[in-house]
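Residue numbers (my numbering), protein chains in the order written: chain A, 815 to 1023; chain B, 25 to 366.
Next comes the structure, spelled out in structure tokens:
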């Protein structure tokens, strides 16, 4: 098996203690950092597809994301200043009135694994704070708003509409959460919707790529 | 026949006179081995809310529980304050939570029960205990993502924690039982999302099932009815719960195929809930007509054949008007249902 394929397998199976060594071995064998990163992103895409298909569950997705993170730690010093593989910055948060962070955290991990730099605003985020974050961060290409509760769906609408009314451009807005439907996402003016963390990463790449 | 008696008929697998409304028929109770510690000056004193147990709290009030977990009170229920997870390494859980746990032998359950029954008339309402179980506690102490990783990466340490938690819960149930004599004891463990289980059925079987099974056995031994609380799409676990002895499942959310579950299992599992908090009637701003219609539709769907208790799941989000509409419609429509339909 090639060194890069070894890295891919270790990411897919969540072997975070072995990935760092495998990434170094791939570098030593002559693979470029960007090539290795792209391979790990591919692995996470496979993981996301399996999750969306119900073949694996949240723990397997999480340990795969952890493994990729360990691999990225080895590559990071070699890729400083190289934005060629980055899909931009994603601002993510759970909307005002909602303290749940489960879905947001899972989506954040998967979108990061897809090649975005994440700016996580946390929970209970007022609509204006999403706008401020877009202004304050470089190269924002995606804003992701999460809401778990039906009672905070109006806040999701307010967040999307505030962002859209800000006049800022260059990014797309994606929404998700248990009570959110594709129809509601369209109704409130979001550019995209995802039902789960796996498909959120796919949608993010589709909207930005 | 009063509300409690009618409700007991349903949960004992008998034909009821009307469709019970859980809110009317039962009173929830959590025996405390150690009182929660409210953080002074926390929350908004100008905005009061009523929690699921009927206590008046400040919105966003914070408190810590016996383990040292900080919670924030919201209109949608109390939840761990985000970002304040007390276990960062499950192998060191004893050092990272308040341990040892409170001494159950020193708890005055007689006094607690006296206080409780000064408010609740047990002739009119069934007494329903609620006890959080292992995965809930692991999530609340570690955060969901870390909890799920811990179950896969450090199973021995997780089992060690789960065993101690379950021994504690078991002793609390046994020690408090004679003072409260609950008709039902709910073991609460949200192991699912709205789409599927958090973990594979294999991991549930290996890591969580033994503890749910132990508590069901204790509840049956004491003479009460075990009820499982699990939100989300968890229907894959229904046969396991039945096998363990759980007789009721709440809140039985409609992301599950509840009609098929009723057809397949009948009175082996009573459904308590069934109202769609994300559907028509559940959304903010829905009109009274829409909310009332959603209650009727739920009863029409799930009440035939008995084996069903209506409950809005306590999920009207602090919307007092909506709660009044769901309760009133459930009482009116539920009262007449079996007379018209049998």
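No residue lacks a Cβ here, since even glycine has one placed at the ideal position from N, Cα and C.
Computed from a prediction, not measured in an experiment: that's the story for all the values here.
| query | result |
| --- | --- |
| For a contact defined as C-beta to C-beta under 9 Å, what are the partners of residue 988 of chain A on chain B? | Residues of chain B passing the Cβ test: none, with the nearest at roughly 17 Å. |
| How about residue 939 of chain A and residue 982 of chain A: are their beta carbons less than 8 Å apart? | no |
| Please work out which residues of its chain come closer than 6 Å, Cβ to Cβ, to residue 1015 of chain A, disregarding the five sequence neighbours upstream and downstream, and give them in chain order. | 862, 924, 925 and 928 |
| 8 Å is my cut-off, CB to CB: does residue 134 of chain B come that close to chain A? | no |
| Taking C-beta to C-beta, are residue 962 of chain A and residue 992 of chain A nearer than 8 Å? | yes |
| Between the C-alpha atoms of residue 912 of chain A and residue 970 of chain A, what's the straight-line distance to the nearest angstrom? | 10 Å |
| Using a cut-off of 8 Å between C-beta atoms, extract the partners of residue 871 of chain A located in chain B. | 220, 221, 222, 223, 224 and 227 |
| Around the C-beta of residue 360 of chain B, are 16 or more other C-beta atoms found within 10 angstroms, so that it is buried, or is it exposed? | exposed |
| Short check: CB of residue 53 of chain B to CB of residue 153 of chain B, under 8 Å? | yes |
| Roughly how many angstroms separate the alpha carbons of residue 66 of chain B and residue 84 of chain B, rounded to a whole number? | 7 Å |
| Which full runs of the beta strand (DSSP E) of 3+ residues lie inside the segment 281–322 of chain B, going along the chain? | 294–298 |
| Around the Cβ of residue 902 of chain A, are there at least 16 other Cβ atoms within 10 angstroms (buried) or fewer (exposed)? | buried |
| Roughly how many angstroms separate the alpha carbons of residue 864 of chain A and residue 128 of chain B, rounded to a whole number? | 46 Å |
| Note down the Cα distance separating residue 213 of chain B from residue 162 of chain B, rounded to an integer number of angstroms. | 10 Å |
| List the residues that DSSP assigns as beta-bridge partners of residue 153 of chain B. | B:53 and B:209 |
| Could you have a look at residue 104 of chain B and say whether DSSP puts it in helix, strand or coil? | strand |
| For residue 86 of chain B, which beta-bridge partners are listed by DSSP? | B:96 |
| Return the CA-CA distance between residue 228 of chain B and residue 160 of chain B, expressed in angstroms with no decimal places. | 13 Å |
| How far does the beta strand (DSSP E) with residue 960 of chain A in it reach, from first residue to last? | 954–960 |
| Could you have a look at residue 334 of chain B and say whether DSSP puts it in helix, strand or coil? | strand |
| Check the DSSP bridge columns for residue 117 of chain B and list the partner residues they point to. | None; residue 117 of chain B has no bridge partner. |
| For residue 302 of chain B and chain A, any beta-carbon pair shorter than 8 Å? | yes |
| How should residue 250 of chain B be labelled, buried or exposed, when 16 other C-beta atoms within 10 angstroms of its C-beta is the threshold for buried? | buried |
| Return no unless some Cβ of chain B is closer than 8 Å to the Cβ of residue 868 of chain A. | yes |
| Between the alpha carbons of residue 299 of chain B and residue 144 of chain B, how many angstroms are there, rounded? | 26 Å |
| Below 8 Å on C-beta distance, what does residue 1009 of chain A contact in chain B? | 219 |
| What would DSSP say about residue 258 of chain B, mapped onto helix, strand or coil? | coil |
| Could you check if residue 86 of chain B is buried or exposed, using at least 16 other CB atoms within 10 Å of its CB as the buried criterion? | buried |
| For chain B, is any of its Cβ atoms less than 8 Å away from the one on residue 982 of chain A? | no |
| Counting only runs that start and end within the segment 897–949 of chain A, where is the alpha helix (DSSP H) found for 4 or more residues in a row? | 916–927 |
| Flag this pair as touching only if the segment 256–267 of chain B and the segment 184–198 of chain B have three or more C-beta atom pairs under 8 Å; answer yes or no. | no |
| Any C-beta of chain B within less than 9 Å: which residues of the segment 915–929 of chain A qualify? | 915, 916, 917, 919, 920 and 923 |
| Going by Cα to Cα distance, which pick from B:302, B:26, B:42 and B:231 is closest to residue 157 of chain B? | B:231 |
| Apart from the five residues just before and just after residue 830 of chain A, which ones in its own chain have a Cβ nearer than 7 Å to its Cβ? | 877, 880, 881 and 884 |
| Are residue 305 of chain B and residue 318 of chain B touching if we call contact CB-CB under 8 Å? | yes |
| Pop quiz: residue 216 of chain B and residue 173 of chain B are said to be a contact at Cβ under 8 Å. What is the actual Cβ separation, rounded to whole angstroms? | Not quite, the Cβ-Cβ distance comes to about 18 Å (not below 8 Å), so this is no contact. |
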